[in-house]
Structure formats: structure tokens, C-alpha cells
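Visitor: One structure is given below, represented as C-alpha cells, and several questions about it will come after.
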């Protein structure tokens, strides 16, 4: 008989921590904690296979499930000394989802299940606390109705508010048992009204309803969105955890809280958590009451007045501290735990590897490696390369003028600047239109995820450091300020008010997620430096990786930034980018529009000194490192004058009529410029352009070498190569230019010539082409366009449909299409190496900064990647992880 | 010691007919003829290896050559009974080029070499014919100066004309020995004037000058052009043939001529030739004197008055006839021979396989197979598939009104219509501008080749059936009329006059190359039928070939033409082509411009009945044969309205404002439409379009099956497939449409779904894609564009440079790029077959009608090719030859 249910509690468990796939993360860790002898309320896990079965069989459970659940319930009862559904001493349970990967806020939870009128009376009698019993019952009806029956929570909140108003009560806690019992009656009446059926009184009916709701919630819109954003397969399914209730709402000697073994925002090695006295779990996470600090140190640091757990319940705190230390050692990672204290006794409800900011991730990994808890390789492997992006995000310049509107909790670090919007939908549509926005909400809920994703940063006026907004924002690496109580938000009016200042939708603010300050207007932001733990981690990554990392850069600023971020050279200098400046484009246009060689020669003579100076500066900045300079590549008409004034200007410079210039512009029009007159085709037709560029490169290289004393090794790259004979023809002109410069200067420039592989044909003919190429750079942007027949500029009308429907595994412009483009890169690399051992192979373009693509090209054996300067650290880390993945895992 | 020289003559030869590569075509055949005991003047061949050596060593001859030539000269002298350079009885020789492949008119020839003043006197004495001696000497100086010294022929013609005028002589023959001797003196003076050096008197100096000139002429512009047009490698080199002179100009018992064993224009089995009494070889070919017929039958047929060779020299004629019959049997092909009759004795100067029109080629091959001279396979293998094009060229409709301006010789059959031009350069530039032209010349020379290539047809006013114009035009398959003496051409004034009619450049004429009539204006032309020998040959080809041949067709006219030409199905029906008609494009535009599904549905409902009727008609015409229908493919904006009136019309039909239509048109604009929203992307985004088309196909198929009684097997092809999942998604819609039609009609349509492979990625992923595809059609037009990153529309500005410089082996849009596109086709075919044995594989597009491409895809093992209807016979023949080439050669 198939086993669908695994029990745990009482110091033992049927399952183990290794059974994550079957039990889900929460279930596996509960089994683990039970086996470790930690105080876990007894319970059982219904496996993920039941979820799979449920969806594979028209939402039916397997036949044997019922009897296995009954047996497991009996076992809980045995350990807890109570029986589920028992009239005299009823066992209450929680029902929680538990997927393989943590999905915070995505799945639904029901507490206090098993309660009905009879049980309430029994519990009131057994505990001597009628208010507790009624409060638990009221919470249960509300939560169950929301999650299982589909009645919105606010409908019950309205009833509760009405009851409070009737009785002149300010807070929930001001309602006594009688008031709560009256509320329960109203709740039940509302359920009949809303669903036409009475609220289920039978505990077993409640249980199966809740289990079914958990499984159903696996397919709700929030869960689907989260899985899509986090690449979690739908097939994994979720488990369901049924566990004996323990009560944090049994009075002032009871509490409930969440805590991290280290600070999830900064990574500091100290317990970081929050709790509420006399409350149940969802009160903390929901952010409705502002929670208290777990440790005294944290309380003092935050300047909070409410006492810490360490102070109010020292014994329970000590037990919690020891348990957390044990768990961190056991899992060798920072833990995020949930606990409840029932009448002074600590119960552990959950442990999992904690989400953290990138900064915290780096610090934790580095410190754990220093502590000997993990190896340096583990530390390198643990950081999600893409998350470094947030460390490379700007911070508010300390020297900037700060017009502080309000201050909240620094819930997720980094600075964000944007126009304020007041709904997730508005955030999403603004972002789609290319506008940067800050999402402002009283508090966020899972329904806001898409808007948080679209926003630059998030600001809430309620909730703490572990509120939904804070947790999700940190996970996303977005700056976030929570609980900025000094701000009043009117979402309907689309305004936010602090003191006498009112901001409206579209007004710009800057969030300083590191200080918690909300600044009016756009503050000056600053790029971070790679120092401290980050620098140390990057050093370990550099030791681990095989591939070199270069940057794509052509301006001095970008080249300097690239060096600062650890680039080991320039992998792509796009010479045409040097000519879009207003004072240079005229010469470029003259060259393009000249209709004979003499006209081109005159324009080229103007361009030569500019390019020579550009290259000399670039070589000087990159002294000692290789620099790859690509000859003019784009369709020439990108430079063409369009407006009448521009045409007149060019006509004057060329000494031609405007009509003639206009005719030449029309001649140069192309139907498919991507497949047109560009790349190597330009020097094949007009060799004098390559002559000039080669000369500028070689003269600039000699100038820079003279200036720095370091010899310059220039790499001249011919773009869009199609055939070996074509490259040979262009190379002959480059070599001739080098000979000419050598004769004139009395010194021979040092250089190699290489090919940019952007066409399927070039990848297939790599063997022959490599005979004239000392290096290849795979230009996978264009190779993607040609291999997939997909214009990047035009794909917006259909490519999203392909990704959404799963017709392509990912956006091929973000992550390399391994099956198509990737195979051509592999073929090209193999053939080039076979024909010319030692040929240097790299990749440039967007994929050079994408971790998945970097892992792919490491597997193909390329020598280097080149990416935008700010992605260099990401590429360094991703390259290290790719190297480590090929080796057997090491341990500390 | 390397052997550089091979002798022949006196009934034996050092070389053999098999040594073509070494001796050149002429040399090998001279050796052959000598070995056969035919009357060949003794001589020797300097091998092609000397040419190779000459160019590889800075135009120096190998060291041993001189002594080998001297020995060979001595041997000629021994056989001829004379000595080269002997004062008393000098041996004269001809020096002729002889490349491996025949290159008529491309290489230079020198006759009468060895003549000088002393030799002239000696010959005059020996022959008793002072005029003959002087005439030979005069010719020699003129020819040698032209070929070796670079003095243009017309300069000597001027001197000769001056001499004739001075002496009141009408023709050359009216000049006596004294006059010719005076002319020789003037010639020599002119040589000193032109070159600063006297004409060489030393026979050995003359010989080496001529040998050097022949080798040099291998690299002259005419030769280079001819090689390029005929794909002859430069590395082959040419041989030089030195041969004892025989004289057709020894008086009225002497003659020279050329003849074919069968009629080169019609293929008729009868000697066809021309000769001139008392003349040397070049007089016939130059077309200056109008020659006489060789046979009496031909004279009668031509209505000529000048007597035939058969009549005037019956003995020599009989010897000639027997020799020609022997040669045809020996070579098993129609021979083109040159002969000279010296004082009644026949000498054979050359034999080679004769050039012929395509019609003649077909008739000769079929008749030789019937005669048992060659096998049917040989007959099939002998026809150049591309040459069939001229048989498929139109002829003048017999019912057309014929406004005959003049009549000439029907030198190359077929009809051509175009604007007249009077120079080769004008012809070329007009053709480049897309205009159809007829080249009109007094006579043509090798310098006109490029213009003849560019023209639709050629008209000359001088020269016979074997004149330069006639020979070259037949080789090119161009209609040609020669010797239209009734027309006077003024090339300077760009007019041609016949009687009182004057036509100017740009006026249109029609040439009927089959009747020799020049018609004023554009006559109605007609496509030929495939009957008689052509039909028989195609039948043999069909027996020999492995691949099927289909046609690309969508109109009923094209489909009928395709069946007529033997297509075995439709390989590509482009459904969008059915919608460019004025009465249909509006519905198409409505569909494209609708901005919601309802709008599209309304337009699609209008289109459905049109498509259903189209398909039903196509299936009916093609009853019993497979028909592949491609779903809508091109970028939708090809259908967009551009002019205001069109926009207004669409707006009205859609019930939308013009402004909205205009905005939607702008939205649909693409930067690179070739890589944009087209192909399978259309049904992925708008599945309802595929639904409609699939329904129309299935309903049309059932309608046609009901009408014809033959079940229809529809092949539904999805264009521009990118990924397996994409094809599966589109196929699911097609299958659903089939299910719906089956339910409604109570009968299930028979169909398969396939993929058009046009993207490199699709070729690489062919294995997965074939799981949903019963067939693949490689769309090599688009596959060329994507694999090479080459827009067909835009490549005109640089692709010709690539082909001219040899950077690409050929225009990849004409002949498949075997190394790039071809490799992807090979990969795609292999992977598809591995994943789905029995998957049907074909190719459609221009390459499907190109013989070289057909041979390539036969090698890859594709099942069929599909091409335009008028190229179907070419494809059938090319496919047969590809099959035969893979088998061992058979013999009759």
C-alpha cells in the first residue's frame, strides 16, 4: 500500500530532512526537528505525491488516504493526550501548505481547526479561559471561511468592527468572551448568507475541506505568479502539514514570533526576530500590530520601548536561543524560524533557510566560511549571482541634499527613485510604459506581487521588518521602507500626506532602504564599491573560476568602471558608438553619404584623429589588459540625417545639393537592415573605412604604449563575418595598415585579428574562418536574431506569448537558447579549436552577463565572457560557480 | 626529364585522346585523329603544365622546353619534308591555343608562322604562285602583329583598304602579288612606327613570341570572362598546338571550312557545314565573306545559289563525309570539325564535340540512343538541364500578327522580345536596370560577350550560321538571327534601317530565332509543349531519377502548367498569394487591421468561402497528386493599405476611423519584417487565422474529392517553424479544425501536418520538430537569408562584390550555399530521419529548380524538390542526372 502520510512529534519522525521532495520543505524540517528532539507539536505530513495524484485524477484523493490520516490523527492524539473531534477535550490542529521550495505568503493556512460550538465550551472549561476559547473560534471561522469557503476576510472584519463599535471597544482585546460569542453567531449567519450553507461543525468535514483548500491553492493565481517568477515547476506540488495546535494567545505568558539566526538585512551574526504577546502566528506576519524585538540588543539598537522577549520571558528566550544555534549548525545556513510560547513553554513550528538581502547573503556566506561552518567554495556557490545586482544598485550619495519627508523601517537596502503610484496594477502598467515608479501601499499582500516586481522600490506605512512587504522586497532585491507611520496614504485619492506635505501620483520620491528615509524628489545616487566581505567573496570566486571576464566599453567612464569592477580587459569596444556625439556625427554622415571614394577619403581624414585619440585613451586606461576593438558594424543608415536641418548640414559639408543627399539617404534605405549592408560587408565594399580604423587603432596603441610604458596588445575584431575568404580580405587591409604604421613610426604595433561570430554560417565554417582569426567572439545577440529568425526590435508583439505559453524555454535574448544558438556556439568552438588549437574564444553581448548563459558557455569551454561593466561582478561569480559545478562538491 | 612536348602526325602520336587535361581538347583530339590514320598535318602540343609553370614562375618557360620544341620541329619537318626556318623550302606552322574545355573565339591563333621576305620568295618559287606567297605573308604579319605585338587589326585593314583604293581593287582577291608585296612593306613600316622595333624576321623568334602570346592570352579579359561565365577553373591552363600549315588559299582547288556531323540548330542527322574556296580558316569564322554550303541538300534547303562542296570538289567531299562519320562513331557525339583542302587534298585541322542548341542537343541525344550509339542513360546525362530553359522559352505564337521588318539566318531558335540597343555595354546596363533588350550589331566579336549575356536575343546583319554571334548565342541558349543583310545598322547614330523603316534605340522588336524573321513590336509569344524527342528524353529521365519533382503553384493556371510539365504534385501553395487580387485584399486588410478577435473573426468569415473554393479547385486540378498548402506566411504588413484611398476603404469596411486604421498600420510597422511577425508566429498569436485556413483546406479537400471521386491527401504546412512546442501548438488547432469538419460533414478529411524549415534553429532541432511533422520542406530562400544574415532585398549593394571577388563561391540565392545552408539541410534531414524514420523531406523555393542545388539535395537524400512550373522539366532532368551520377557509368 502506498504511503501518503508521514507522522512526526514526541522526539521521533517517520520522515527525514532529506525527504524534501516528498514532504515539502516545512514537513521535512519538522521531521528533522522532531528527530533532533526539539519541541515540535506532534503532527503529520500529507505528501506532495497526494497533490500530484489530486491534480492527475480530477481533484480526487487516493483511496487509502482517509485511513492513513485517521491513523495519524490518532497518533497525534496519543502524543498530545487529546483526541480530534473529542467533545470533552478536543484536539485542535493547524493545516498548512508546505511546498518543496519556500513560497512565503503564497499558500493558505488554517489554524484552530476542530473548533465548533461544543469544542469551544469544552476548551473554555478545560482552560478556564472562555475568552481564549471564543477568540480562537472566531479566528478559525474567519480564516476557514476565507481560505476554504472563499468569503473575503474583510467581510468578517466589518462584522468585528461593527461589534467593537457597538460595545465601544477600541481593540480586539477589548472584546470579552460574550462579545466574541455574539460575533461568532454573526459570522455563522454571514456564512449562510454568503454560501447558502451553514458553517461546517463536523471537525472531519473541516479537516478535509482545509486539506482540499491547500491543494487547490497550489493552482491559485498568486501561487502561479510566484512559481513563474521563481522558476518553480508546477509538477512539484505541495505537501499539507497537519499539526496539533499550540496557542500563543493563551494570555500574557504566551506569545508567538518569527526570528532569524542572523540579520537577514545586513547579515550580522545575531538573533533577529519579532514577537507578539498573546497572539497567534498570523498576527505577526500580517503586520497589523507592531511587534516587539526578540533580543534586548535589537530593541536597544532600534530605540524601541516595548520590552524584548529576552526580558519578558527569559527562560523561553534562552531555550529559543540554544535551539536556533543548534539549527544553524545543523543546516549550515542562516535559519528563519517560527515559534510559539504557550504558557511559558517554547514550541518550534517551522525552520527553513532564511531569505536575505544580497548584502546579508554575502556577509553570512563569508563569515560562515571564516567560522569554518562552510568552505570558501560553498560560500561562493551560495550567492545567487543575479542578486549581486542589488549590491551594484545605487545608494543615496552621502553628500546629497536630503529632503526627508518621513522615516520608516529600513526593510530592504539600496536606494530607489521613481514616481509614486498607489496600486500594483498602476505600477505594472507604468513600468511597461518604461516609467520608473515607487509603489506606495498601507501594507502589501500577495495580490501586490506583480506591482512590487514592476516597481523600483516599495514603501508601506504599516508592518515591521518581517511584514509581507519587507520579506518579499528583500527576496526581490528591491529597496523597501516599511511601517512609515508618519505617512497617511489615500489610495483612492492617489495621495500620500506627511505633516503638511501632500504628494500626488507621479510625484517623485527617493527611498533610502538602508536608512529608512523617504526623500522628496530625485536624490543623487551613487554606485557602490566592491570592498569588505563582497571583495573577499569576489576574491574567492576569482580563485575558483576558469573563464576570464571582460567588459563591453567604449567610453573612458565605462572603461574605468569596468576596471573598478574587476574586468580583465575590454571584450567589445563598439567603434560606431563613438560617433553619435553631436560634434562627431557630421563627419560620420559625410563619410556615409559621399558617393565616391574621394568623398569618403575626405571624411575619413576628419575621423581618423578623433578615433586615434579615443583608442589611445582607452588603451591607456586599460594598460596591461587586452582590448578588443570591433570595426564599424551597424547598418550605416543608423547614422543618416533625417531632419531637413541635418540634411542641409551634411549637404553643405559635402558640397552637394540637399536633393542629392536626400537621394543618397533614400538609396541607403534597407528593408531588413539587420541582414543588410553592415559588419564585414562595409570594408569589403569600402576597404578605406577599415584602413582608417586599423590605422587609428595602431597609432593609438603606439601612443598609449609610449605614454604608459606598457606595450599594448590590440585585438582588432571584424564583425558579422560570413566566410573565411571575406575575413582574409579584410585582414589583408588591416595587416597592410599595420605595415604602413610600422614604416612611418619605426615601430611595429602588436595586434591580432579576430572574427565576431554572429551568423549561423560563420559558426558552421568556424574551422576555415579560424585560419585567419586569432580569436573569436560569439556575438550571441545577433546570432540569436539570425538563428531564430527573430528581430529583437520587432519581437515584442509575439515573443512574450511564446515565453508565456512555454513554446520557448526562456526569452532567448536574456538567456542563451542552448538548443539552437548554444549548439552553434558549441559547433563553432569545436571546429575552431580543431583547426587552430589555442584560438581564443569568448562571448560578448547581453548573454555575457547572464548567469545561466555563463554556465552554458563555461560548459562549452569558452575562454572568456564580456558584459556591461556593472555586470562584471555577477559574471565573475557566475563563472566561478560554473567552474565549481564541474568539480566534485567540497565540504568545510 | 619532364616531358613538355607531345608530337603527332604521319599516322601516329605521342599522346592519346584521353590526355585532355595535359594536351587540351584540341591537342588530344589531334593526337587521336593522327592515331586513327586521318589526314592531320604533323605537329606537336606544348602541354598545359607549361602554362601552369609559366604563370607560377613569373612568365618563364621551363628550361627543357626549348630543346624539346626543337626536336619536335625537326620531326614535323621530317614528316612534311621541309625544315622550319629553311631558306630554300621553309616549313610554315600554325600556333593555336587549346584549353581543356573548348573556348571558342576566346584564345588567339597565328597562321603562316615562319614567313619572312626570304621565305616568301622561296615559297613563290616552290609553288609558282607569287600571289599566294605574298597573301600568306600579308596575313601572317597582320595576325601576328595583332596577337603578339598588340597592334589592332583594323590598322592593317586600313592600310589594305588604302592599297585597294589606290589600285581600284574591289576585293582582296583583286590585289595581285606586287600589290600585296607593297602592302607587306607598308605593314612592316607600320610595325616599326607602332612598336619602335622591326617586325621579327627570324622564324624562331616568331615562334616563341607566338607561344608566349597564346599563354598570355589565357589571362586576357575575354578569356577570364568566358571562364567565369562557364565555371572553368583558371588553374587548368591552356596547351599550345604548333602544326605544319596547310593552305586553303592555294587557288580554286583549295578551300577551308567548318562542319558539324549533325545540324547544331535542329539536331537533324545530316552534315551541316560551310566553306570558302581559296581562303584561310579565319575567313570563315570571321563572317566577312558569306560562305557556301558543304552539302547539296543543305544548299537546296537554304535556296542558295553558290554551289556546294559536294558539287565543286566531290572527291574531297566524299573523304570529308567518311571522316566525319568515323569521328562521330569514335567520339559517340556530334562533332564540330575544321578542315582545309589544299589543292584537292583534305586535311583535318580539328575535331571536337559540337556546341548545339538545347533542341538540337535533345534530338541528337535521343536519336543517338535510338541508333544504339549511346545508352538512354548517356542521353539523359548529356543534356545540360539549365539549357532546357531555352526550350521552355516562348516561341512566336503562329496565330500572332507578324510585322516582318527583315529576315536573316535562323541562327539560334526561340523568340526574344525587347528594346533594341547597339552596344554590349548598353545591353548590360539596361539589363542591370531590369529592362529586356535585343542587342543589334553588324557582327559580334568576343568583346561583346557580356552584352550578349545581358540581352534577350542577338541580331546581326553580317555572318553565317557559324559566325561568332551564332555560335555564342546557341551556347547561351539565346535566340539569334544572323546575316540579316536587309538591315543597315548605324551604331553611332543608334538606328537600324530596313527599307523605309527606321528603328531607334529603345524601339521594341521581336526576334523569331526559329524562322529568322525580325518583327517590329512585341509579338504574342507562346510556351512550347513537351512532345517528341523532348518528351521521350524526359521519360527516360523519369525512369532514372530517385527524387520526386513538384511545383510551386497557387493559381489554377500555374497548377495546370505544372501538371503539363510533369510535376508530381504541388510542393508549395502560398496561400497569401491568393489574396493580392483587388477584390480580395480588402478582406485580408480587414483581418489584419482588426484590433480584436471579433473583428478578425468577421473578416475571416468573409475569407473562408474564397479560400475553400480556391483549395477545392486546386485539389481538383491536381487530383491524385499530393498538394502542400502553406498557412499564411509573410509579414502581415505586406498587405497593409498605404494610399489614403485604401485606408479610407478599409476604415469603412471595419467601421473604424481612418485615424485608427492609420495608427494600426503604424503599429504593425517592423524594422526587420523578415525576422518579424510572420510564419508560425501568426497562428501562435492569432490561432483563429489557422483555424479558418485549416477549415478551408479540409472543406475544399472534401468538396474536391466528392467532385473527382479521388480522395484528396492534403498536406498542411506550417511556415517558419522555430521550436517543436510551437509546431505542436499550431498542429493542435489544425487537428481540432479537422475534427470539427469531420463532425459537421460526417467524413474525415485525410491530411498530414508538416513544417517548413527556414530557420537555422529549426534545422538543428529537426529531431524534436519531426515528432509533430509528417513532412519537412526546407525553405532554402529564407534559410539562406537567416544562415548568411543576408536580406535578399538589400544584398544588391554588396553581394555582387562578394561573388566577383570570390569571397563566396556563387550567389547563394541562385545555387544553394552547400557549406552553410547545405550543412543545415543535411543536419536537419539526418536528425529528422533518426527521430522519425519515413518522414518525407523536400525543398521548395528557387533552389528547387537549380540543377547544382538539386544535385546537392539528392546527395543529402531528400525525397522531392519543388520549383516553379516552368522549371519542372529542368528539375526532372537534373534529378535524373544526380541519380545517374551516384551509379557507375553505363555504356551503349
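Protein chains in written order, with my numbering: chain A, 197 to 1088; chain B, 197 to 1088.
For each residue, glycine too, the CB sits at the ideal point set by N, CA and C.
Remember, it's a predicted structure, so these values are computed and weren't measured experimentally.
Determine the DSSP secondary structure at residue 1080 of chain A, reduced to helix, strand or coil.
Guide: Reduced to three states, the DSSP call for residue 1080 of chain A is helix.
Visitor: Applying a beta-carbon distance threshold of less than 7 angstroms, which residues of chain A neighbour residue 962 of chain B?
Guide: Those do not exist, as residue 962 of chain B stays about 11 angstroms from chain A at its closest Cβ, beyond 7 angstroms.
Visitor: Taking buried to mean at least 16 other C-beta atoms within 10 Å of its own C-beta, is residue 1085 of chain A buried or exposed?
Guide: Because residue 1085 of chain A sits at a pLDDT of 49, beneath the cut-off of 50, its placement in the model cannot be relied upon, and the following sentence gives the value as read from the coordinates. Exposed, by the Cβ-count rule.
Visitor: Can you find the residues in the same chain that come closer than 6 angstroms, C-beta to C-beta, to residue 290 of chain A, ignoring five residues on each side of it along the sequence?
Guide: Result list for residue 290 of chain A: 307, 439, 441, in chain order.
Visitor: Can you give me the Cβ contacts of residue 325 of chain B inside the same chain, cut-off strictly under 6 angstroms, excluding the 5 residues immediately before and after it?
Guide: Nothing listed; no residue qualifies.
Visitor: Among all the DSSP beta bridges, which residues are the ones paired with residue 543 of chain B?
Guide: Answer is B/536.
Visitor: With respect to the alpha helix (DSSP H) encompassing residue 980 of chain B, which residues constitute its N-terminal and C-terminal limits?
Guide: Start and end: 976-984.
Visitor: Which two residues bound the contiguous beta strand (DSSP E) that contains residue 946 of chain A?
Guide: It spans 946-953 - the beta strand (DSSP E) in which residue 946 of chain A sits, taken as one unbroken run.
Visitor: Name the one or two DSSP bridge partners that residue 608 of chain B has.
Guide: Per DSSP, B/676.
Visitor: Of all the CB atoms in chain B, is at least one closer than 8 angstroms to the CB of residue 1019 of chain A?
Guide: Judged by the 8 angstroms Cβ criterion, residue 1019 of chain A is in contact with chain B.
Visitor: Thinking just about the alpha-carbon of each residue, which of A/900, A/789, A/518 is nearest to the one in residue 847 of chain A?
Guide: Selected option, being the one with the closest Cα: A/789.
Visitor: Does the beta carbon of residue 1010 of chain A come closer than 8 angstroms to any beta carbon on chain B?
Guide: So, not an interface residue.
Visitor: Quick check on the DSSP output: the alpha helix (DSSP H) that includes residue 648 of chain A runs from which residue to which?
Guide: Counting along the chain, the alpha helix (DSSP H) containing residue 648 of chain A begins and ends at 645-650.
Visitor: If the cut is a Cβ gap below 7 angstroms, which residues of chain B does residue 873 of chain A touch?
Guide: Near residue 873 of chain A (Cβ distances below 7 angstroms), the residues of chain B are 990, 993, 994.
Visitor: Comparing C-alpha positions only, which one of A/645, A/639, A/554, A/603 sits nearest to residue 623 of chain A?
Guide: Ranking A/645, A/639, A/554, A/603 by Cα distance to residue 623 of chain A puts A/645 first.
Visitor: Considering only C-alpha positions, which residue in the set B/665, B/261, B/660 is nearest to residue 647 of chain B?
Guide: The shortest C-alpha separation from residue 647 of chain B is found at B/665.
Visitor: Using a C-beta to C-beta distance shorter than 7 angstroms, which residues of chain B count as neighbours of residue 981 of chain A?
Guide: Within chain B, the residues near residue 981 of chain A are 871.
Visitor: Under a three-way DSSP split, which group does residue 187 of chain A fall into?
Guide: Nothing about residue 187 of chain A can be reported from this structure: the residues present for chain A run from 197 to 1088 only.
Visitor: Kindly indicate if chain A contains any beta-carbon less than 8 angstroms away from that of residue 1086 of chain B.
Guide: With a pLDDT of 46 at residue 1086 of chain B, under the threshold of 50, the modelled position of this residue cannot be trusted, and the question is left open.
Visitor: Could you work out which residues of chain B lie near residue 1015 of chain A, taking near to mean beta carbons separated by less than 9 angstroms?
Guide: Per Cβ cutoff of 9 angstroms: 919, 957, 960, 961, 964.
Visitor: Is any beta-carbon of chain B found at less than 8 angstroms from that of residue 881 of chain A?
Guide: So yes, residue 881 of chain A belongs to the interface.
Visitor: What do you get for residue 538 of chain B, buried or exposed, if any count of 16 or more other CB atoms within 10 angstroms of its CB means buried?
Guide: Buried: at least 16 other Cβ atoms inside 10 Å.
Visitor: If I measure Cβ to Cβ from residue 447 of chain A and keep anything under 8 angstroms in the same chain, skipping five residues before and after, which residues do I get?
Guide: Excluding sequence neighbours, residue 447 of chain A sits near 325, 328, 474, 539.
Visitor: Excluding the 5 residues flanking residue 1037 of chain B on each side, which residues of the same chain have their C-beta closer than 6 angstroms to its C-beta?
Guide: Cβ neighbours of residue 1037 of chain B beyond the five flanking positions: 972, 1025, 1058, 1059.
Visitor: Indicate whether at least one CB of chain B lies closer than 8 angstroms to the CB of residue 1142 of chain A.
Guide: The requested residue 1142 of chain A is not part of the displayed model; chain A covers only 197 to 1088.
Visitor: Ends of the alpha helix (DSSP H) at residue 806 of chain A?
Guide: Start and end: 793-817.
Visitor: Using the DSSP secondary-structure output, state which residues sit across from residue 202 of chain A in a beta bridge.
Guide: Answer is A/241.
Visitor: When the Cα of residue 686 of chain B is compared with those of B/429, B/423, B/639, which residue comes out closest?
Guide: The candidate whose alpha carbon is nearest that of residue 686 of chain B is B/639.
Visitor: Tell whether a beta-carbon distance below 8 angstroms holds between residue 488 of chain B and residue 444 of chain B.
Guide: Not closer than 8 angstroms, so no.
Visitor: Taking a Cβ distance cut-off of 7 angstroms, strictly less, list which residues of the stretch 1054-1079 of chain A are near chain B, in chain order.
Guide: The residues in question: there are none.
Visitor: For a cutoff of 8 angstroms on Cβ pairs, would you count residue 997 of chain A as touching chain E?
Guide: Note that chain E does not occur in the displayed structure, where the protein chains are A and B.
Visitor: Could you tell me which chain A residues have their CB closer than 9 angstroms to the CB of residue 954 of chain B, listed as they occur along the chain?
Guide: Correct list: 985.
Visitor: Taking residue 699 of chain B and residue 616 of chain B to be in contact with their CB atoms under 8 angstroms, please state how far apart those CB atoms are, rounded to whole angstroms.
Guide: Indeed, because the Cβ distance is near 6 angstroms, the residues count as touching under 8 angstroms.
Visitor: From residue 193 of chain A to residue 1031 of chain A, what distance separates their C-alpha atoms?
Guide: Only positions 197 to 1088 of chain A appear in the structure, and residue 193 of chain A is not among them; the question remains open.
Visitor: Compute the Euclidean distance between the alpha carbons of residue 485 of chain A and residue 634 of chain A, then round it to the nearest angstrom.
Guide: Residue 485 of chain A and residue 634 of chain A: Cα-Cα distance of roughly 25 angstroms.
Visitor: In the DSSP assignment, the alpha helix (DSSP H) including residue 889 of chain A goes from what residue to what residue?
Guide: From DSSP, the alpha helix (DSSP H) with residue 889 of chain A extends over 883-904.
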